[in-house]
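Note sheet for the following structure.
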Amino acid sequence: MENIIIINIIFSIFTFYCTYNVIPKLKKMFIDANLYGKDLNKKTENKIPEAFGVVTGCTFLITMFLLIPVIFGRHMLQNEGSKFPHSEFVEMLAALLSICCMLLLGFSDDVLNLRWRHKLLLPTIASLPLLVVYYINFNSTTIIVPKPLREVVGLTINLGVLYYLYMGMLAVFCTNAINILAGINGLETGQSLVIAISILIFNLIELTGDCGQAHLFSLHFIIPFIASTFALIKYNWYPSEVFVGDTFCYFAGMTFAVVGILGHFSKTMLLFFIPQIFNFLYSLPQLFHFVYCPRHRVPRLDKYGTLSPSYAECNSGDISIIGRICLKVFSFFRVIDIKETADGKFKCNNLTLINLCLLFLGPKKEKTLTITLLTIQIVCSILAFVIRYPLASIFYDV
Ligand code: UD1
Ligand code: MG
C-alpha cells in the first residue's frame with residue numbers, strides 16, 4: 012500500500028511540473044481560439060485566456076491512466092487471474108469515465124455557453140456510470156440512524172432508490188456549487204485545493220481503519236488532483252493570467268463526487284462543502300429567478316480600487332411572492348441589503364457569499380477578499396473535522 016502511495020506522489024510531482032510548464036505555453040493558443048474573457052474586476056481590457064481547467068484535467072487524466080498499470084500491475088504480474096480485483100478495476104474505470112465526461116461537458120459549456128437547465132442535467136447523466144458501479148459492487152443503501160432517533164426509527168434505515176437519487180444530486184451539487192462561488196481571482200482553484208487537502212487528510216486518518224481500501228481508492232485520485240491544481244493556482248491567483256472556466260469547476264466537482272461516492276464517505280465530504288452549501292442556499296432565490304439574477308453576480312470594482320457588493324436591480328412588481336418571502340427571511344437574519352424606492356425601483360445585493368462578506372466586512376481589495384473567503388473555507392474544514400470526530404460520538408457509536 013505504501014509503495015503505491017509513494018509512486019503516486021512521484022507521478023504527481025511530475026504532473027505538477029508538466030502542468031506548471033505547459034500552461035504559459037498554451038495561453039496564446041487559447042486566445043487565438045477565442046477562448047478568453049475579460050477580468051470584470053480590473054480596469055484593463057486585457058484578454059485573459061479561459062477554460063484552463065481543460066489543461067489540468069488532461070494532465071490529471073494522463074497521470075491516472077499511467078497509474079492504472081502501477082495500481083493493478085502487481086496482480087497482473089502474479090499471473091493469478093482469479094485474484095485480480097475486477098470490482099476495484101471497474102470502479103476506477105467508471106470513476107475516470109465520469110470525470111472525463113464532466114471535463115468534456117465543462118469544456119462544451121465554456122465554448123458554447125450552455126443554459127442553466129443543461130448545467131443541471133449534464134452532471135446527472137455523467138454520474139450514471141458511477142451509480143451503476145456502486146449498484147453492482149456495493150449496493151448498500153442502508154444508513155445508520157443517529158442515536159437520538161433510534162427509539163422511533165430503529166438502528167438502521169434502508170433508503171433504497173432514494174440513496175441513488177441523493178448520490179446523483181450530490182454530483183450535480185458538487186459541480187455547480189464551486190461554479191457559483193466564483194468570479195474573483197483564485198477563488199475556484201483555492202476552494203478546490205482546500206477541499207481536496209481536507210479530503211486527503213481525512214483519507215490518511217482513515218487509511219488504517221475498516222474501510223482502508225476505499226480511502227486508498229480516494230487517495231489515488233486526490234493526490235494527482237492536488238498536484239495539477241497547485242500548478243494551476245500559480246497562474247489563476249491574483250492577478251490572474253488565466254481563468255479556469257467552467258471546465259475546471261465541473262472537473263473538480265466531479266472528482267470530489269467520485270471519491271465521496273466510491274470512497275463511501277459522501278456525507279463527510281459534504282461537511283467540507285459548508286461554505287458552498289451556504290452559498291447555494293443563499294443564492295436559491297436568484298437561481299430560481301424569484302429575484303432578478305443578472306448574468307454576473309461578481310462584486311463591482313469601485314473608484315477606490317476596492318471591491319464592493321454588486322446589486323441586482325429590478326422593478327418592485329417583478330419580484331414574485333416566494334421571492335418576497337425569501338427576502339423577508341434574509342432581512343430577519345440581517346444578511347441582505349435592500350433598497351426600495353417609492354417610485355417602484357428595487358435593488359438588493361446579489362445573493363452570494365462573496366457579496367455577503369463585503370457587506371459585513373466593508374470594501375476589500377480583490378486579493379484580500381479571496382484570502383478571506385479561503386480562510387472561511389479552511390475554518391469550515393476544521394469545523395468539519397470537529398463534527399466528524401469529537402461530536403459524531405454523541406450521535407453515533409464511533
Ligand atoms: C457563475 C456565476 C456568475 C459569476 C460567474 C463568474 C451564478 C448563477 N453564476 O456564472 O454570477 O459572475 O460564475 O465566474 O452564480 N471572471 C472574472 N474574474 C475571475 C473569474 C471569472 O472576472 O477571477 C469573469 C470573466 O469575465 C470570465 C467569466 O467570469 O470570462 C466566467 O464566467 P462563467 O464561468 O462563464 O460564468 P458562469 O459560470 O455562468
Ligand atoms: Mg463559471
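Number 213 in our numbering belongs to position 202 of the sequence shown; there are no gaps in the numbering. Note that the Cβ used here is the ideal one computed from N, Cα and C, for glycine as well.
Closest residue to residue i among the options (Cα-Cα distance)
i	options	result
phenylalanine 344	Ile333, Phe371, Lys356, Ser331	Phe371
leucine 72	Ala268, Leu114, Leu394	Leu114
serine 138	Arg161, Ile155, Cys112, Trp127	Cys112
isoleucine 365	Leu77, Gln287, Ile21	Gln287
serine 392	Phe213, Leu51, Thr266	Phe213
glycine 316	Lys375, Leu282, Cys325	Lys375
isoleucine 59	Met40, Thr74, Leu77, Asn187	Met40
glutamate 285	Thr258, Ile272, Cys325, Val205	The question names glutamate, but residue 285 is isoleucine in the sequence shown. Answer by Cα proximity: Val205.
leucine 340	Ile382, Tyr293, Gly264, Lys378	A quick correction: the sequence has valine, not leucine, at residue 340. The option with the nearest alpha carbon to valine 340 is Tyr293.
leucine 282	Ala353, Ile347, Arg306, Val390	Val390
leucine 410	Val81, Leu362, Asp221, Cys69	Given a span of 12 to 409 for the chain in the structure shown, any question on residue 410 remains unanswerable.
isoleucine 272	Phe254, Ser229, Ser251	Ser229
threonine 186	Ser251, Trp127, Gly165, Met265	Met265
threonine 200	Val156, Cys260, Gly171	Cys260
alanine 105	Ser119, Leu131, Ile336, Leu141	Leu141
glutamine 202	Thr386, Arg399, Phe406	Thr386
isoleucine 244	Met12, Gly64, Met87, Ile333	Gly64
isoleucine 347	Ile330, Leu367, Arg126	Leu367
valine 255	Lys36, Leu46, Ser23, Gln388	Leu46
leucine 298	Ala188, Thr352, Asn196	Ala188
threonine 70	Gln224, Ile147, Ile405, Val33	Val33
valine 143	Leu176, Asn196, Lys158	Leu176
isoleucine 330	Ile210, Ile349, Lys94, Pro35	Ile349
tyrosine 145	Gly171, Ile336, Arg335	Gly171
arginine 335	Ile155, Tyr303, Asn190, Ile16	Tyr303
phenylalanine 22	Pro35, Pro80, Ile42	Pro80
aspartate 50	Arg311, Ile332, Ala353	Arg311
valine 270	Leu198, Met87, Ala225	Ala225
asparagine 57	Pro305, Ile332, Asp313, Val253	Val253
isoleucine 15	Arg128, Phe25, Arg85, Pro96	Arg85
threonine 352	Ser342, Cys325, Ile333	Cys325
leucine 394	Leu369, Ser209, Asp313, Thr26	Ser209
phenylalanine 149	Ser98, Asn19, Ser119	Ser98
leucine 198	Gln89, Gln388, Asp408	Gln388
isoleucine 110	Leu133, Asn19, Gln89	Leu133
lysine 53	Lys314, Cys29, Lys94	Lys314
Nearest-angstrom Cβ-Cβ length linking residue i and residue j, presumed shorter than 8 Å
i	j	result
serine 321	valine 309	6 Å
isoleucine 44	aspartate 121	It is worth fixing the name first, because residue 44 is alanine in this sequence and not isoleucine. That pair is no contact at about 11 Å.
isoleucine 233	alanine 207	6 Å
alanine 242	tyrosine 31	4 Å
leucine 227	leucine 218	6 Å
glycine 194	histidine 307	7 Å
leucine 78	histidine 231	6 Å
arginine 399	threonine 279	5 Å
Which residues DSSP lists as bridging residue i, in chain order
i	result
leucine 318	Leu312, Lys375
lysine 350	Lys358
proline 60	Tyr47
asparagine 190	Answer is none; asparagine 190 lacks a bridge partner.
isoleucine 24	For isoleucine 24, which the question treats as bridged, DSSP gives no partner whatsoever.
threonine 167	Ile155
glutamate 324	Lys358
Under 7 Å between C-beta atoms of residue i and residue j
i	j	result
leucine 338	serine 277	no
phenylalanine 76	phenylalanine 100	no
phenylalanine 173	asparagine 290	The question names phenylalanine, yet the displayed sequence has leucine at residue 173. In this structure, asparagine 290 does not lie closer than 7 Å to leucine 173 by Cβ.
threonine 74	proline 235	yes
tyrosine 249	lysine 378	yes
alanine 323	cysteine 359	yes
aspartate 257	glycine 117	yes
valine 183	leucine 131	yes
serine 239	threonine 55	no
threonine 153	threonine 167	yes
cysteine 222	histidine 275	yes
serine 327	glycine 355	yes
phenylalanine 406	proline 157	yes
asparagine 190	serine 251	no
Neighbour flag for residue i against chain B, beta carbons, 7 Å
i	result
threonine 153	Judged by its chain identifiers, the structure shown contains no chain B, having just a single protein chain.
**Request:** Kindly provide the chain-ordered list of residues whose Cβ lies closer than 7 Å to any non-hydrogen atom of the ligand MG.
**Result:** After applying the 7 Å Cβ criterion, the set is Asn190, Ala193, Gly256, Asp257, Cys260.
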